Amino acid sequence: MTVTDVKPRLDHAHVRGLLKGMIRIRRFEDKCAELYTQQKIRGFLHLYDGEEAIAAGIIPLLETKDRVVATYREHGHALARGVSMAEILAEMYGKSEGCAGGRGGSMHLFNRDTNFCGGNAIVGGGLPLAVGLGLADKMQESGAVTACFFGEGAVAEGEFHESMNLAALWKLPVLFVCENNGYAMGTALGRSEATTDISAKARSYDVTVEAVDGMDVVAVEVAARRALKSILETGEPYFLECRTYRFRAHSMFDAQLYRPKEEVAEWRAKGPIVRFQGWLEQNGLIKAEEVKTIEAEIDAEIEEAVNFAEAGTDEPLSSLTKYVMAEERPAPPVGVVPDETAETTYRDAVKAGIVDAMTRDDRVFLMGEDVGEYGGCYAVSKGLLDQFGPERIRDTPLSESGFTGAGIGAAIAGMRPIVELMTVNFSLLALDQILNTAATLRHMSNNQFGVPVVIRMATGAGKQLAAQHSHSLEGWYAHIPGLRVLAPATLEDARGMLWTALEDPDPVLIFENVMLYNRTGQLAANAGPVDIDRAMVRREGTDITLITYGGSLFKTLDAAEELAKGGIAAEVVDLRSLRPLDMKTIFASVAKTHRALVVDEGWKTGSLAAEIGMRLAEEAFFDLDAPLARVCSEEVPIPYAEHLERAAIPQSEKIVTAVKALIRITP
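Residue numbers (the UniProt record's numbering): 1 to 667.
Here's what the structure looks like:
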C-alpha cells in the first residue's frame, strides 16, 4: 500500500475479493466446527464467526515484510495472511504436515514465510511481543509494520497497558487491533470493566485512536488504510478498535449460558457477510450466481484441505524432544592464552562483557529498569549511556512483563537484546513472557521462530534486603525446557558467559549473585568467551565432591580449605550451567571421590539440589560409599535481621559440618 492510497476503489475485483475473503473464513470454520464434533480436531477450538470483516479488511493491506501477531482465535487471520488452508487444517489435526508441524495446534498457528508470528493462547500475551517486533523494525529502519490482534478482554491485563505505554514512549510502528466482541470468554464487558470505552484506555497513552464498526468490512478497510498511512508517515503506533460480535461460543466447550439466543440472532441479522453481500447485490456490484461460484470455489478448497489433513502423518515419537532448543549451536569458544591481568571487580567484569558485546555487534542493546541514567541498580551499566547512547542503552518503565516481552519480540526479529531484570524476585512479573513465549516459541512453531534473547538478573541474599529482594529462584527457571540457565561465579565467567550467551540461538538467563558484585580478582585484558556448556572443577580432591554454583562457590571453596586442615580432600565442582546440567563432569568427580554433597541457595523442597541428587541416585548409585547430602537455604522467607539472614542461607561452617557428618558415617 502506498501512503496516498487511503480510499479503496470499490471496483468489482476488489469487492469480490473482500466478500470471498470473509466467506472463505466463515465456511472454513463451519467445517472446522463439524470436524470438531467428529473429534478430528481436539483441544480448544475458538471460532472467528462474525468477526471476519476485521481480518479481511486489514490483513490484505499489509506488505510482505510486515508481521502479524494474533490471538488463539486466529484461523481467520492466518487465512487472510496467505497461510495455506491445507496446512492450517493439518495443524489443527496435529499432523506433521501442519503449518507448525502439529506442535502448536488450533491456538498456535505459525508461518514464517508469511511473517505470521503465531496465535497466542495467553490473553494479552502477544502485545509485548508485537512491541518488540516494532522496536526491532525501528532500530533496523526496515519500514515494516507489525499488526497485533487481540480481544477486548486483554485490555484488563497489565501487559496491555505496559505495551501501549512502551509503544507510545518509544514511538514504534505497531498497529494495535482490538477485536471488541463484547465478551471476554463468558463475561460481558460491562461486568468486567469499570470503563467500557476501550478506545479511551488506549487514548490515555497518547496513541492515535480510531473506533470503527467491525461488522462493516469497507469501514474497517478504510480505517486500516488511514492507520497504516499514519504509521508509515509518523513511525508511531495506531490503535484501531473494531466493534464486532462473535456469533458462536467462546470455544466449542462453551454452552453460552451467559447470553440470550435472541441477542445472538439480532447480531447475526447484521453480520458482516450478510450486510456486505446484501449491499453488493442491491447495488448491482455482484450477482447471486457469482456468490454461488465463490462458494463453490471455497468448498473445493476446503475439500482439498480436509483430504490433505486426513492424509497427514503423525510426527514420530522419536522427534518428541526435537526443537526444544536449536539443533545447531555455535562451536564452543577456543580458549586464548591469558594476556596481562589487572585487578577488577565482578561488577566491572559484567560491564566489560556488555561493552565487548555492544562494540562487536550493532544488534546488541541493553534494556531494563534504570540501566541508563541511573547506571543500573547494582551499577553494572554505569557510564554506558554516554558511551552507546539512548537507542542502545534503553531505560524502561517499571513493567517487567512488557519490556521482557519486547526483548523477546526484538530477538525474534533479528536483534540481540540484553534484558536486565533488577532482581530475581521481580522476574516473576515477567514469568509469563519467559515461560509461555521465550521458552516455547521454537518448539511450538516447529523451529520457524527462535528467541536469541539474554535476560540478566541479580539473585541471592546477604545484603539485608528481606524477603522480596533476596531469594534464589534460579532453580525454578532451571525447571523449564527451552531455556538455558547460567550462574557465573568467577570474573572470567562474569565477562565471558555473556559473550557466548549472545551467540546462542535460544533464550539464555544469567543469574548474578548480589554478593559477588564487589568481589575482586585478577582478570586478563584479553578475556573472551567461555564455554557455557561445561561445569568446572575448581578444586581437586579425593574424599568428597562438593557441587555448587554462583554465590555459594566461594563459601564452598572456603569450606574445602577448612576441611583440608583436618585431612579431608574435597573436590569442588562449579556447575556454571543450571540448565542443561553437565552431569558428565559430576559423575566423573563422584566416581573418583565416592561421596557427594550439593550446596544450593534455593530452598530444599523441590530444589536444584534434589534434582542433582536424584540423577546421582539413578545413574551413579554404585559409585557412592555414603548417602547423598545437601546444604540448602532454610524453609523460610529470607529474613531482614543480619544474624537471621545469615542463618537462613548456606554458610561455610554448615558445609564443613555436613561433610564431617558424611565422612563419619562412611564404613
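C-beta: ideal position from N, C-alpha, C; glycine also. Values in this document were obtained by computation on a predicted structure and should not be read as measured data.
Tell me, please, whether the segment 130–146 touches the segment 347–354 by the rule of three or more beta-carbon pairs shorter than 8 Å. Judged by pairs of C-beta atoms under 8 Å, the segment 130–146 does not touch the segment 347–354, as fewer than three such pairs exist.
Quick check on the burial criterion: 16 or more other C-beta atoms within 10 angstroms. Buried or exposed for Asn-115? As a first step, residue 115 is located in the sequence shown; it is residue number 115 there, counting from the start. With 16 or more Cβ atoms within 10 Å of its Cβ, Asn-115 is classed as buried.
Taking a contact to mean a Cβ-Cβ separation below 8 Å, would you say Ala-373 touches Leu-398 in this structure? Taking the first residue of the sequence shown as 1, we reach residue 373 at position 373. Taking the first residue of the sequence shown as 1, we reach residue 398 at position 398. Before going on, a small fix: residue 373 reads as Glu here, not Ala. The beta carbons of Glu-373 and Leu-398 sit no closer together than 8 Å.
Check the C-beta distance from Ile-547 over to Ile-612 and give it rounded, since I have them as a contact under 8 Å. Counting from 1 along the sequence shown, the entry for residue 547 is found at position 547. Counting from 1 along the sequence shown, the entry for residue 612 is found at position 612. The pair is a contact, with the Cβ atoms about 6 Å apart (cut-off 8 Å).
Which of the three DSSP states, helix, strand or coil, is assigned to Thr-657? The count along the sequence shown starts at 1 and reaches residue 657 at position 657. Here Thr-657 sits in helix by DSSP.
Beta strand (DSSP E) segment containing Asp-395, residue limits: Residue numbering aside, residue 395 sits at position 395 when the sequence shown is read from its first letter. Judged by DSSP secondary structure, Asp-395 falls within the beta strand (DSSP E) whose first and last residues are 393–395.
Quick check: what's the CA-CA separation for Glu-645 versus His-469? Mapped onto the sequence shown, residue 645 falls at position 645. Mapped onto the sequence shown, residue 469 falls at position 469. Separation of Glu-645 and His-469 (C-alpha to C-alpha, rounded to the nearest whole angstrom) is 12 Å.
Classify Gln-468 as helix, strand or coil using the three-state DSSP reduction. By 1-based counting over the sequence shown, the position of residue 468 is 468. In this structure, Gln-468 counts as helix in the three-state DSSP scheme.
Please name the residue in Glu-635, Glu-492 and Gln-277 whose C-alpha comes closest to that of Arg-16. By 1-based counting over the sequence shown, the position of residue 16 is 16. That would be Gln-277, whose Cα lies nearest to the Cα of Arg-16.
Under three-state DSSP, which class holds Ile-663? Taking the first residue of the sequence shown as position 1, residue 663 is located at position 663. In the structure shown, Ile-663 falls within a helical segment according to DSSP collapsed to helix, strand and coil.
According to DSSP, residues forming a beta bridge with Thr-520: On the sequence shown, position 520 is the one that residue 520 refers to. Beta-bridge pairing links Thr-520 to Thr-345.
Ile-58 to Cys-242 span [Cα, whole Å]: The residue you call residue 58 lines up with position 58 of the sequence shown. The residue you call residue 242 lines up with position 242 of the sequence shown. Going by the C-alpha atoms only, they are around 11 Å apart.
For Met-583 versus Val-530, is the C-beta spacing smaller than 8 Å? Along the sequence shown, read from residue 1 onward, the residue named residue 583 stands at position 583. Along the sequence shown, read from residue 1 onward, the residue named residue 530 stands at position 530. The answer is no: Cβ separation not under 8 Å.
Quick one: measure Cβ to Cβ for Leu-240 and Ala-223, integer angstroms, because I've assumed they're closer than 8 Å. What you label residue 240 is simply residue 240 of the sequence shown in a count that begins at 1. What you label residue 223 is simply residue 223 of the sequence shown in a count that begins at 1. So it is a contact: roughly 6 Å between Cβ atoms.
Element boundaries [alpha helix (DSSP H), containing Tyr-48]: The residue you call residue 48 lines up with position 48 of the sequence shown. Element bounds for Tyr-48: n/a, residue is neither H nor E.
Hey, could you find the ends of the alpha helix (DSSP H) Arg-456 is sitting in? In the sequence shown, the residue the question calls residue 456 occupies position 456. In this chain, Arg-456 is not harboured by any alpha helix (DSSP H); it is covered by the beta strand (DSSP E) spanning 454–459.
Below 8 Å, can you find three or more Cβ-Cβ pairs linking the segment 206–214 to the segment 39–48? Touching, no.
DSSP three-state assignment for Cys-32, whether helix, strand or coil: Position 32 of the sequence shown, counting from 1, holds the residue named residue 32. In the three-state reduction of the DSSP assignment, Cys-32 falls in the helix class, which pools H, G and I.
Closest by C-alpha distance to Glu-159, when choosing among Pro-173, Pro-128 and Asp-506: Working through the sequence shown from its first residue, we reach residue 159 at position 159. Nearest neighbour of Glu-159 by Cα position, chosen from Pro-173, Pro-128 and Asp-506, turns out to be Pro-128.
Same chain, Cβ closer than 6 Å to Pro-481, five either side skipped, listed in chain order: Position 481 of the sequence shown holds residue 481. Same-chain partners within the cutoff: Val-324.
DSSP-derived helix/strand/coil call for Gly-368: Sequence index remark: in the sequence shown, residue 368 carries index 368 (1-based). Looking at Gly-368 - three-state DSSP - the assignment turns out to be strand.
Whose C-beta lies closer than 6 Å to the C-beta of Leu-441 among residues of the same chain, with five residues either side of it excluded? As a first step, residue 441 is located in the sequence shown; it is residue number 441 there, counting from the start. For Leu-441, where only same-chain residues beyond five positions count, the Cβ hits under 6 Å are Phe-449 and Val-451.
Put Asp-213 into one of helix, strand or coil per three-state DSSP. Position 213 of the sequence shown, counting from 1, holds the residue named residue 213. Three-state DSSP puts Asp-213 in a strand.
Nearest-angstrom Cβ-Cβ length linking Ala-430 and Thr-396, presumed shorter than 8 Å: By one-based count along the sequence shown, residue 430 stands at place 430. By one-based count along the sequence shown, residue 396 stands at place 396. With 8 Å as the limit, Ala-430 and Thr-396 do not qualify as a contact, their Cβ atoms being about 11 Å apart.
My output table needs one value for Met-185: the three-state DSSP class, helix, strand or coil. Within the sequence shown, numbered from 1, the residue matching residue 185 stands at position 185. Residue state, collapsed to three classes: coil.
Short Cβ contact (8 Å threshold) for Lys-31 with Ile-273: Your numbering for residue 31 matches position 31 in the sequence shown. Your numbering for residue 273 matches position 273 in the sequence shown. The answer is no: Cβ separation not under 8 Å.
Reducing DSSP to helix, strand and coil, say where Arg-259 ends up. As a working mapping, residue 259 is identified with position 259 in the sequence shown. Collapsing the DSSP output to three states places Arg-259 in coil.
The alpha helix (DSSP H) enclosing Ser-589, as first and last residue numbers: Numbered from its first residue, the sequence shown carries residue 589 at position 589. From DSSP, the alpha helix (DSSP H) with Ser-589 extends over 583–593.
Completely contained beta strand (DSSP E) runs for the segment 111–157, where each covers 3 or more residues: Listed in chain order, the complete beta strand (DSSP E) runs (minimum 3 residues) inside the segment 111–157 are 146–151.
Which of helix, strand or coil DSSP assigns to Val-15: Along the sequence shown, one-based indexing puts residue 15 at 15. In this structure, Val-15 counts as helix in the three-state DSSP scheme.
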